[in-house]
Amino acid sequence: MLTSLLVKVGEATNQTFVLPLLVFFPTSRCNSRCVSCDWWRSSGAGDLTLEEIDRVADALPGLGTRLVVFSGGEPLLRPEVFEAADLFRARGVSLHLLTSGILLERSAAEVARRFSRVVVSLDGATEALYRAVRGVAALTVVERGVSELRRRAPDLPVTARATLHRLNYLALPDLIDHAKAMGLDGISFLPADLSPFAFGRDAVSDLGSLGLDARQVSEFEAVVEQTIRTHADDLASGFVAESAGKLRRLPQYYSALLGGARFPTVQCNAPWNSVVVEADGSVRPCFFHQRIGNARRTPLPLTAPDALPSVPCTLDGASNAVATRCVCALKTGWRGAPWH
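Numbering follows our numbering, in which position 12 of the sequence shown is assigned residue number 9; successive positions increment by one, without gaps.
Following this line, the structure appears as C-alpha cells:
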C-alpha cells in the first residue's frame, strides 16, 4: 500500500519516488524472427556483463523495486540468465518471465525455481500461422515447454500474450481456444506497435505490411464482436485479460492508423512506477519512448528519478505522439498492480 501511495504522490507532484517495476532485458538476442520485431538481428555483443547486471540489481532496494520482469530479446537465450536472475532475487525482488517459450522445455526446472509468473508469446494457433508470424516453426516446441513447466510447477501462473496484426487478426477466437487447450491460465491481446524505434527497430524498418486496410478493419471488428459473444464465459472469468471494451480497441487502433478513427484513449502512469533497462544498459521510460540514459555509464538511481518525470507524456497520453499511439499503457491503481 505504501508503494502505491508513493506512486500516486509522484503522479500528483511529477516526481519519481519509487520504481516498483523494472523491465530488464538479459540479452538483445532472439531465436524467433517475428515480423513485428527486429531483436533477432542483434548479436548480443553489447549485452551487460554479469558484473554490470549486479550493479543494476544492487540499486533496486534504494529505488523501492518489488518486481523485475525479464523480457528482451529472448531471455532464455542468455547462457547466464539464471545467474542474472539470482542477482535480482538476492535483493529480495520477485521475477516474471516474458518468453517465446522455445527454450522452455529444457529450462523448465530452472524457470520454475526462480520465476513467480511466466508469459509465453502465442501469435498463431496453427504451426503454419505461427511460422508466418514468428519466422520459425516452433508451436509444437512451445506446447511441449508449457507442458513440462506445468508438470514441474502446477501452481505457477503461466499465461499467453498475442500480438494481432494483418497476418493473424482473424485468429483471435482460435488463439483463445488454443491457449485453453494448452492448459494456460489466460491470454491477453495487443495490436502491433508500428513506431519505428521500439523492439530493436530503427527508422528504416518496414512495418507497412502489418497494418490493416479498411476492409480488414471491418472484418476485425466483426471477429471481435463474434468473439465477445462466443467466448463470453472466457471474458467473464478473466481467462481473456481484456474486457469486451478493450477488445474493441484492437480494430479501433488500426482504423486510427488509417485516419478513420481516433486512437483509443491511453491512460498510463508508467513514468512514476517503472523503467526499462535494455540489454546494453539503455534506460527507457517504457518500451516505446526514446532512451533517457544508460545504466552502464550512469547509475540507475541517478538516471531514472530525474529523467522519468521529464518524459513528455501525460496520464491521458493526449500531449505526446508516442503516448497517443501506445498499444501497451500501464495504469496502476491502489489494487491490482503487478508487483503486489
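Glycine is no exception: its CB is placed at the ideal position from the N, C-alpha and C atoms.
In this text the structure is predicted, and so the values were computed from the model without any measurement.
Residues of its chain near residue i, where Cβ-Cβ distance is below 6 Å and the 5 sequence neighbours each way are ignored
i	result
A233	none
H162	A189, L207
Burial state of residue i, where buried means 16 or more other Cβ atoms lie within 10 Å
i	result
R63	buried
P151	exposed
G290	buried
D230	exposed
A267	buried
T13	buried
G278	buried
L255	exposed
R26	buried
Top-ranked residue by Cα proximity to residue i, from the options
i	options	result
V15	R294, E80, S271	S271
S39	V32, E49, N28, E48	N28
R164	R131, D83, L57, L254	It is Leu, not Arg, that sits at residue 164 in the sequence shown. Here the closest residue by C-alpha is R131.
L119	H93, S91, S144, S185	S185
S252	V214, E124, A292	V214
D413	A238, Y127, R148	Absent from the structure is residue 413, since the part of the chain shown begins at -2 and ends at 337.
C-alpha distance - residue i paired with residue j, whole-angstrom precision
i	j	result
A105	G142	7 Å
A81	Q223	44 Å
Y250	C31	20 Å
G314	P261	Residue confidence is low: G314 scores 47 on pLDDT, short of 50, so the model does not pin down where it sits. Its coordinate-derived value is still stated next. Going from the Cα of G314 to the Cα of P261 covers about 10 Å.
T24	D171	31 Å
D35	G70	9 Å
R212	S240	24 Å
E145	A176	15 Å
E107	P282	30 Å
F21	G235	27 Å
G41	T227	44 Å
L136	V274	29 Å
Cutoff 8 Å; reference residue i; Cβ partners in own chain excluding five residues on either side
i	result
D174	A122
P72	F22, P23, T24, V78, L94, L95, T96
Residues bridged to residue i (per DSSP)
i	result
N291	S279
T160	L187
Same chain, Cβ closer than 7 Å to residue i, neighbours up to 5 away in sequence not counted
i	result
R246	P261
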